[in-house]
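J.: Have a look at the structure that comes next, please.
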Amino acid sequence: MTLTRSTAAAPRAAAMTSKQRRFIHKLTVLISGGMFIDGFILGAIGIVMPAITADLGLSLAWQGLIGASALIGIFVGGPLGGYLGDKMGRKPMFTLTLAVFLVGSVGQFFVGEAWQLFLVRLLMGIAIGADYSIGWPMLAEFSPARLRGKLLSVQEVAWYVGYLASYALGYMLTVSATADWNIILGLSTIPTVIVFLLRLGTPESPRWLMSKGRVAEARGIAEEYMEEEEQRDLLTPQPEVKGGFGRLFSKDYIKATVFVSVFWVCNVTPYFAIGAFAPIVLEHFGMQDGITGALLLNGVVVAGSLVSVFLIERVGRRKLAIPPFWISTLALVVVGLFSQQSPVIIMVCFLAFSFFNAISTALTGVYPGEVFPTEIRGAGVGFATAVSRVGAAAGTFLLPIAMDGLGVAMTMVIAAGVSLIGGVVSQVLAPETKGKLLSETSAPTAKAAAGA
2 MTLTRSTAAA PRAAAMTSKQ RRFIHKLTVL ISGGMFIDGF ILGAIGIVMP AITADLGLSL
62 AWQGLIGASA LIGIFVGGPL GGYLGDKMGR KPMFTLTLAV FLVGSVGQFF VGEAWQLFLV
122 RLLMGIAIGA DYSIGWPMLA EFSPARLRGK LLSVQEVAWY VGYLASYALG YMLTVSATAD
182 WNIILGLSTI PTVIVFLLRL GTPESPRWLM SKGRVAEARG IAEEYMEEEE QRDLLTPQPE
242 VKGGFGRLFS KDYIKATVFV SVFWVCNVTP YFAIGAFAPI VLEHFGMQDG ITGALLLNGV
302 VVAGSLVSVF LIERVGRRKL AIPPFWISTL ALVVVGLFSQ QSPVIIMVCF LAFSFFNAIS
362 TALTGVYPGE VFPTEIRGAG VGFATAVSRV GAAAGTFLLP IAMDGLGVAM TMVIAAGVSL
422 IGGVVSQVLA PETKGKLLSE TSAPTAKAAA GA
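Here this note's numbering is used: the first residue of the sequence shown is 2, the next is one more, and so on.
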């Protein structure tokens, strides 16, 4: 059995009613809203970290812990949300996660100690991690095969837009209005309230209902919200899959689990390590205005993720997943080896890394929702989320320590090594799922046939 290449299915005819089209667009926006909020809270912390450090007298360790707190929370929330979503359903958890996040978001207005800020952002991370493993499976289970990759990759665009928006807003408030860091962090309350209210009334996933034997309910919702081809696929007999995290490591799904986990962690670890402390990193390389450079990097990241959205259903998954790793590796090696050279060269390499890393990272929202069956889709997304956040949190926590102890050049070479590992693993294991129905992409027999 292998998970290497698959032959993409032929394009299928569209058969969506206007109501179904409006629903899938709304669902995409609602799930993107959760991603936007996640990016928003993680982007804001980078811009206000100097102010928090000065105000609370943070040590290097506390800087790393607070910077990584939401990521640590996602590590817990991803598997927990995935497990509960598979057991209890996507619908109830879809609104509960935002309610918990809202509590934490409001709490940021009132924290005044390092440990309080850490705990509040940890809670927010748990909620957003759960939202990953509920929202992505739900969107994958409703989406038509011909649009699924595009709709899922939009989620990463929303994350980057949220990250950039909070970064830019924080920069504006810090420079022009000297706003308190509590206010800047607490601004995430506004988009959270909006998304929470819009999510009320979202229907349950028909595929989840089918997995629980609730056929009549599943068919009723599918007829209303899913196009005909997806309705037929819903009724296609599937091998019974036992739920739970243990199934992720069975012979049928171990390669899928390894692939999505390594693919995700190797994309986000260098990004978070550099992105969370971009102003500091760029100033180390001689940039006069590190914050402006960081804003530019984040703008390029949004552009890279949009490239994936536009190309994913045209060129397929593998062509967008693998080459960016090689380019990112080369860019970071150049930064490490020539760190004493012109700041212009360094900035060009960082821009190249940011652009191509974003192209590949956009698929971290696509693959996990496609390669696991309904019974363990939430668990699969949750586990991959947790593993990715180990890398992201480690990168965020260790970067300031590594820069101080090993030097900036060696730190960049280590980041390049992480990208290299991602490229090798993706070259061997990344499947091509373009145009395939979920019954084809997630069945063990489909994976066995993927080596064509």
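The C-beta atom is built at its ideal place from N, Cα and C for all residues, glycine as well.
Measuring straight from C-alpha to C-alpha, what distance separates TYR368 and ARG147?
T.: Going from the Cα of TYR368 to the Cα of ARG147 covers about 15 angstroms.
J.: Report the residue from ALA359, SER355, LEU307, MET413 whose alpha carbon sits nearest the alpha carbon of LEU338.
T.: It is MET413.
J.: Mapping the DSSP letters down to three states, classify LEU438 as helix, strand or coil.
T.: Coil.
J.: Report the rounded CA-to-CA distance for ARG248 versus GLY381, giving the unit in angstroms.
T.: Distance between the alpha carbons of ARG248 and GLY381 is about 9 angstroms.
J.: Does the beta-carbon distance from ILE195 to SER106 come in below 9 angstroms?
T.: No, the pair does not count as a contact, with Cβ atoms beyond the cut-off.
J.: For the putative contact between PRO271 and VAL426, defined by C-beta atoms under 8 angstroms, what is the C-beta separation to the nearest angstrom?
T.: With 8 angstroms as the limit, PRO271 and VAL426 do not qualify as a contact, their Cβ atoms being about 15 angstroms apart.
J.: Measuring CB to CB, does THR365 end up less than 9 angstroms from ASN268?
T.: Yes, they are a contact pair.
J.: What number of angstroms, rounded off, separates the C-alpha of ILE135 from the C-alpha of VAL345?
T.: Answer to the nearest angstrom: the Cα atoms are 43 angstroms apart.
J.: Excluding the 5 residues flanking MET94 on each side, which residues of the same chain have their C-beta closer than 7 angstroms to its C-beta?
T.: These residues qualify, in order along the chain: GLY82, LEU85, GLY86, ALA131, ILE135.
J.: Can you name, in chain order, every residue of its own chain whose Cβ lies under 6 angstroms from the Cβ of SER144, other than the five neighbours on each side?
T.: For SER144, where only same-chain residues beyond five positions count, the Cβ hits under 6 angstroms are LEU152.
J.: Please tell me whether ALA45 and SER189 are closer than 9 angstroms, where the distance is taken between their beta carbons.
T.: Yes, these two residues count as a Cβ contact at 9 angstroms.
J.: What residue from THR237, TYR164, GLY221 has the CA that sits closest to SER33's CA?
T.: Comparing Cα-Cα distances from SER33 to each of THR237, TYR164, GLY221, the minimum goes to TYR164.
J.: Go ahead and pull the three-state DSSP assignment for PHE278.
T.: At PHE278 the pLDDT is 47, less than 50, meaning the model places this residue with poor confidence; the figure from the coordinates comes in the next sentence. PHE278: coil per DSSP, three-state reduction.
J.: Enumerate in chain order the residues of its own chain whose CB-to-CB distance from SER443 is below 8 angstroms, with the five nearest sequence positions on each side excluded.
T.: Correct list, in chain order: GLU371, VAL372, PHE373, PRO374, THR375, ARG378.
J.: State whether the stretch 253–268 contacts the stretch 47–65, with contact taken as three or more CB pairs (one from each stretch) at a distance under 8 angstroms.
T.: Because the criterion of three Cβ pairs below 8 angstroms is not met, the stretch 253–268 and the stretch 47–65 do not touch.
J.: Let me make sure I understand the geometry here. Which of MET173, PRO207, PHE197 has the alpha-carbon closest to that of PRO138?
T.: If we check each option's Cα against that of PRO138, PRO207 comes out closest.
J.: Which runs of the alpha helix (DSSP H), 4 residues or longer, sit entirely within the stretch 311–397?
T.: Here the runs fully enclosed are 319–322, 324–338, 344–362, 368–372.
J.: Please report how far the alpha carbon of THR29 lies from the alpha carbon of VAL336, in whole angstroms.
T.: Taking the straight line from one Cα to the other gives about 37 angstroms.
J.: Using the rule of at least 16 other Cβ atoms within 10 Å of the residue's Cβ for burial, across every protein chain shown, is SER19 buried or exposed?
T.: SER19 is exposed by the Cβ-count criterion.
J.: Applying the criterion that 16 or more other CB atoms from any shown protein chain within 10 Å of the CB defines a buried residue, is ALA55 buried or exposed?
T.: Result: exposed.
J.: Could you tell me whether the Cβ atoms of GLU225 and GLU205 are closer together than 9 angstroms?
T.: Cβ distance not < 9 angstroms, so GLU225 and GLU205 don't count as in contact.
J.: Considering only the alpha carbon of each residue, which of LEU123, LEU307, MET211 lies closest to ALA69?
T.: With distances taken between Cα atoms, ALA69 lies closest to LEU123.
J.: Does the count of Cβ pairs from the stretch 354–361 and the stretch 235–242 closer than 8 angstroms reach three?
T.: Touching, no, given that fewer than three Cβ pairs across the two stretches are closer than 8 angstroms.
J.: Taking only runs of the beta strand (DSSP E) that begin and end inside the stretch 19–96, which ones reach a length of at least 3 residues, in chain order?
T.: Complete beta strand (DSSP E) runs here, min 3: none at all.
J.: At a cut-off of 8 angstroms, would you count ILE32 as near the ligand GTP, judging by its Cβ distance to the nearest heavy atom?
T.: The model depicted lacks the ligand GTP and carries no ligand whatsoever.
J.: Within 10 angstroms of the Cβ of GLU114, are there 16 or more other Cβ atoms? Answer buried if so, exposed if not.
T.: So GLU114 counts as exposed.
J.: Could you check what DSSP says for LYS213 in three-state terms: helix, strand or coil?
T.: Coil, per DSSP.
J.: Mapping the DSSP letters down to three states, classify GLY113 as helix, strand or coil.
T.: In the structure shown, GLY113 sits in coil (DSSP, three-state: anything other than H, G, I, E or B).
J.: With DSSP as the reference, label GLU224 as helix, strand or coil.
T.: DSSP places GLU224 in helix when its eight states are reduced to three.
J.: For ALA141 and MET173, what's the separation of their Cα atoms in angstroms?
T.: Whole-angstrom Cα-Cα distance: 37 angstroms.
J.: Which residues bound the alpha helix (DSSP H) around VAL194?
T.: From DSSP, the alpha helix (DSSP H) with VAL194 extends over 190–200.
J.: Is TYR161 helix, strand or coil when you go by DSSP?
T.: Helix, per DSSP.
J.: Apply the 10 Å Cβ neighbour rule to ILE313 and answer buried if 16 or more other Cβ atoms are within range, or exposed otherwise.
T.: Answer is buried; the Cβ neighbour count reaches 16.
J.: When DSSP labels each residue in this structure, what does SER443 get in the three-state scheme?
T.: SER443 falls in the coil class under three-state DSSP.
J.: Does GLU241 come out as helix, strand or coil in the three-state DSSP assignment?
T.: Of the three classes helix, strand and coil, the one that applies to GLU241 here is coil, per DSSP.
J.: Can you name, in chain order, every residue of its own chain whose Cβ lies under 8 angstroms from the Cβ of VAL162, other than the five neighbours on each side?
T.: The answer, listed in chain order, is PHE37, GLY40, VAL303.
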